[in-house]
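Working notes for the structure below.
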C-alpha cells in the first residue's frame, strides 16, 4: 500500500455527472480528486476523427470483422462503427455476465459517455416525480419538481440547451438558447398534427445540448451543423465534460485529475459511520492506492457506482454499502425504444436544406395525461426527422448506367420517420448482482445482468407503434409503415436505478439529497439514483441532481454533519 | 441526421440491407480467405464503371471502386460472404464467356450494359425471393464505395465540410445535386 493522500472531496467517474460534481465542488473551494478508470482524452487535441470525412475511413465507417470479434456486445447496434472505434470499453478486459440479454455500451475514458451521448435534454415533470406515489409503484421520490426546478435552470444556463418554449405542464420549459430549427416539411407536418389532434399531440423542436449561440466565457463556439458530435467537437459546441465542466473545474486550481484509476471500494469507518476514502487500483500498473476525503461522490455510471457500493464495507454488510435496504442493485431501468413509424411526404420537390443538424424533432408524451387511462401506465415520446432520400434508395425500373447514376446524384422524395422512447417501470426483480465467478482483467468480480421488460412495457410498445402510424397518417403522410425492431434492456444506453432515492432507509439506498443512508458523506448522483425513469432522456436530470447534491454536501460539511 | 431519430425506411437501391458481416450469412466459417488479384480488381472496376459510368461527372473507376471493394470484402465480410463474392466473380466471367465467347474486359460497351443489366434483373428476382446473389454484393459495394468516396461525395454529390448554419427551407431545382452526408 502506497502513502495515502488526502483531499476535501473525491469524485469517482468523469462523465456527465462526475464532471458536474468536480466543477461544483472545486468552484466552492474544495480540493478535489477526480478519478477516472480509463485513459485521458484531451479536448480537441485527442478528437482524432473530428475532421474526417467518410472517404477518410478505409471502410467508410463500417465495422470490420476484427472490430466485431473484439466487441461482441457493441456490434449488436449502430454503436460499433469505424468513426467512434476506440471510444468504447474493452470487452475482453471488462466482461459482464448476461443472465438475460443486456446490452451494456460503456465509455471508459475521461469524459465517459458525455463524448458519445445523444444530447437530448428534457426536464422531468411534476407528473414524473409524483407517478410512483399516485400509482403505488415502487417507492415515492423523496423530491418533487419544485426541488429540482432551480437546479435545472442552473445547469441549463451553463451547459447550453437549445429548445423552444411550449408551456406544457408535462414537459416543463427551461432556460433555452434558440432552438435547432425544424425544416419546412417538419414545420408543415407539425401544423397538420396540431390541427388533427386539437393540440393534444404536438411536434416540437428537440431540446438538445448543442449551443446555438457562442459561449465565449467557456471558449465554446456555436454549432457548425456538421453532425459529427460523436467524434468530439473541436468547436466545443455540445456539452461534454471536456468542453464545459472540466475546464471550469481546472480553472479553480482545485482539481487533480487521475486517469487509469479503478476504484475498487469505498473505505468505510464503521465507528464514525462515514466513508473515509477510496481504494484505487492503477489500471496500468495494478498497484493499489488509498485516497482519503471528507466527502465522496460516486458518478461512475449507474451500474458501476452500484458495483463500487456492492464491494464496499462488506465486513459489515455482506452485500455491500447501501444493501441494508435490500434494494441495492435492484430496480434497473432503461428506456425501451426501437419502435416507431415512417412514410413519404408528397410535394416539396422544390425544397431542400443546407447544413447537417445534430437533432431533429420531438413529440412529447401525450398518453395517460389527465383522465386518460390506457391498459398500461406512464407514457412515451418520439424523436424523429424529415429529410430527402439520398443515393441509397430504390430508383424504380432503373438498373445500371448513366441515367441511374444521375438520378441517384439528386435527392429523392421527402420522408419522415420517428422512434418512440418509452418509460420502463422500476421492478424489484430487474436487478444487477456481483458474479464472483467471473473476474475482470484486474481480478475484480464482474456484474451479472438479470433484467427484462415486462407487461407494462410490452403493452406500451403497441401504442408506441400504432400511435406513430396514426399521427403520421393524420398529417397526410403517405405509405406509412410501422415497425418494432426489437429491444433488449440496455440498448437505450440510459441505465438507471440500482441505488434509488427514497424517503425510508428500509426501502431505498439514497435519501433526498443523494446521500447513502448508511454513509451520509457518500453521494450517488448518476443514473443509479433514479427512483423512476420518466420517458425523457435522463442526462439533464443527472446534471441538476448533482449540482443540487453538491450544494447540500458543502453546506453539510460546513455544519460539521458529514465528519 | 441523428442516429436514433431516423428510421431506416429507405429500401436500399438493391432491395436488401447492407451485406457485410452481419448475421445474414453466418455459417460454417471454415474456409480461408481468398485474396484479390490485380485482375480481380481491374474486373471489379469495369463492372462498377458499367453500373456508374463516367458522364460529365466522374464514374466508378475515377473513385477506385474496385480497390475499395477488395478492401471492404476482405475486412468486413464474413468468410462465408467472401466465398460467395469470390465464387461470384468466377461465375461472372464464366457466364460472360458462355454468352459472348469473350471475357467481360473484351466486351463492347453495349454488351457490357446488356450483360450487367441482365444480371441486375436476376439478382433483384433472387433478393425478392429471399435469396442472395453475388451481383447484389457487387452493386451495393459499387454504390456505397462510389458515393462515399471523395470523388463521388464532392464531384457527383455535394459536400460542405463546415456548413456553419442550418437552412431548412432552401430552394431546390431539378438537377441540383444531393448532399454527400446527412
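Protein chains in written order, with the working numbering: chain P, 3 to 565; chain S, -18 to 163. In this text, a Cβ means the ideal position worked out from N, Cα and C, and glycines have one as well. Note that the structure is predicted; figures quoted are calculated from it, not measured.
Is the shortest distance between the beta-carbon of residue 148 of chain S and the beta-carbons of chain P less than 7 Å? At a cut-off of 7 Å between beta-carbon atoms, residue 148 of chain S makes contact with chain P.
Any beta-carbon of chain P closer than 7 Å to the one on residue 107 of chain S? no
Using a Cβ-Cβ cutoff of less than 8 Å, which residues in the same chain neighbour residue 128 of chain S once the five nearest sequence positions on both sides are dropped? Sequence-distant Cβ neighbours of residue 128 of chain S in its own chain, meaning closer than 8 Å and more than five residues away, are 134, 137, 138 and 161.
DSSP-derived helix/strand/coil call for residue 34 of chain P: strand
The stretch 177 to 191 of chain P: positions lying closer than 9 Å to chain S by Cβ: 182, 183, 184, 185, 186, 187, 188 and 189
Identify each residue in the stretch 48 to 75 of chain S for which the Cβ-Cβ distance to at least one residue of chain A is less than 7 Å, and report them in chain order. Absent here is chain A; the protein component of the structure consists of chains P and S.
C-beta neighbour in chain S for residue 3 of chain P, strict 7 Å: In this prediction, residue 3 of chain P has a pLDDT of 49, which is less than 50 and means its spatial position is unreliable; nothing more can be read from the coordinates.
Quick check on residue 226 of chain P - is its C-beta less than 7 Å from some C-beta in chain S? yes
Check distances from the C-beta atoms of the stretch 393 to 404 of chain P to those of chain S and list, in chain order, the residues that come in under 7 Å. 393, 394, 395, 396, 397, 401, 402, 403 and 404
Could you give the DSSP three-state label for residue 119 of chain S: helix, strand or coil? helix
Just to confirm my understanding: we take residue 79 of chain P, look at its own chain, exclude 5 residues before and 5 after, and list those with CB closer than 7 Å. What are they? 105 and 493.
Any idea what DSSP makes of residue 270 of chain P, helix, strand or coil? strand
Just to confirm the assignment: which complete beta strand (DSSP E) runs, minimum length 3, are found wholly within the stretch 5 to 89 of chain P? 7 to 14 and 34 to 37
Which two residues bound the contiguous beta strand (DSSP E) that contains residue 150 of chain S? 148 to 152
Please look up how many angstroms separate the CB atoms of residue 343 of chain P and residue 470 of chain P, rounded, as I've assumed it's under 8 Å. Indeed, because the Cβ distance is near 4 Å, the residues count as touching under 8 Å.
Which residues mark the beginning and the end of the beta strand (DSSP E) in which residue 354 of chain P is found? 353 to 356
Proximity winner among P:348, P:407, P:495 and P:20, relative to residue 190 of chain P (alpha-carbon distances): Ranking the options by Cα distance to residue 190 of chain P, first place goes to P:348.
Does the CB of residue 567 of chain P have a neighbour CB from chain S at under 7 Å? Residue coverage of chain P in this structure runs from 3 to 565, which leaves residue 567 of chain P outside it and unanswerable.
Can you check the stretch 418 to 483 of chain P for any alpha helix (DSSP H) of at least 4 residues that lies completely inside it and give the ranges in chain order? 457 to 476
Where do the ends of the alpha helix (DSSP H) carrying residue 83 of chain S lie? Residue 83 of chain S -> no alpha helix (DSSP H), and no H or E assigned at all.
Could you tell me if residue 438 of chain P is buried or exposed, where buried requires 16 or more neighbouring beta carbons within 10 angstroms of its beta carbon? exposed
What whole-angstrom Cβ distance do residue 550 of chain P and residue 22 of chain P have, given they're in contact under 8 Å? Incorrect: roughly 10 Å between the Cβ atoms, too far for contact.
Go ahead and pull the three-state DSSP assignment for residue 130 of chain S. Here residue 130 of chain S carries a coil assignment [DSSP, helix/strand/coil].
What is the DSSP secondary structure of residue 98 of chain P, reduced to helix, strand or coil? coil
Do you know how far the Cα of residue 209 of chain P is from the Cα of residue 366 of chain P? 11 Å
Is there a Cβ from chain S that is less than 7 Å from the Cβ of residue 356 of chain P? yes
Can you give me the start and stop residues for the beta strand (DSSP E) that residue 384 of chain P sits inside? Looking at the DSSP string, the run of the beta strand (DSSP E) that includes residue 384 of chain P is 382 to 390.
For the alpha helix (DSSP H) holding residue 550 of chain P, just list the boundary residues, first then last. In the DSSP assignment, residue 550 of chain P falls within the alpha helix (DSSP H) that extends over 541 to 561.
Taking only three categories from DSSP, how would you classify residue 493 of chain P? coil
Give me the chain S residues within the contact set of residue 472 of chain P, using Cβ-Cβ distance strictly less than 7 Å, ordered along the chain. Result: empty, since nearest Cβ-Cβ is about 16 Å, beyond 7 Å.
Does the separation of the CB atoms of residue 28 of chain P and residue 256 of chain P fall below 7 Å? yes
List, in chain order, every chain S residue whose beta-carbon is nearer than 7 Å to that of residue 93 of chain P. Under the 7 Å cutoff, chain S gives no residues; its nearest Cβ is about 17 Å from residue 93 of chain P.
To the nearest angstrom, how far is it from the Cα of residue 232 of chain P to the Cα of residue 41 of chain P? Those two C-alpha atoms are separated by around 17 Å.
Could you tell me whether the Cβ of residue 117 of chain S comes closer than 7 Å to any Cβ of chain P? no
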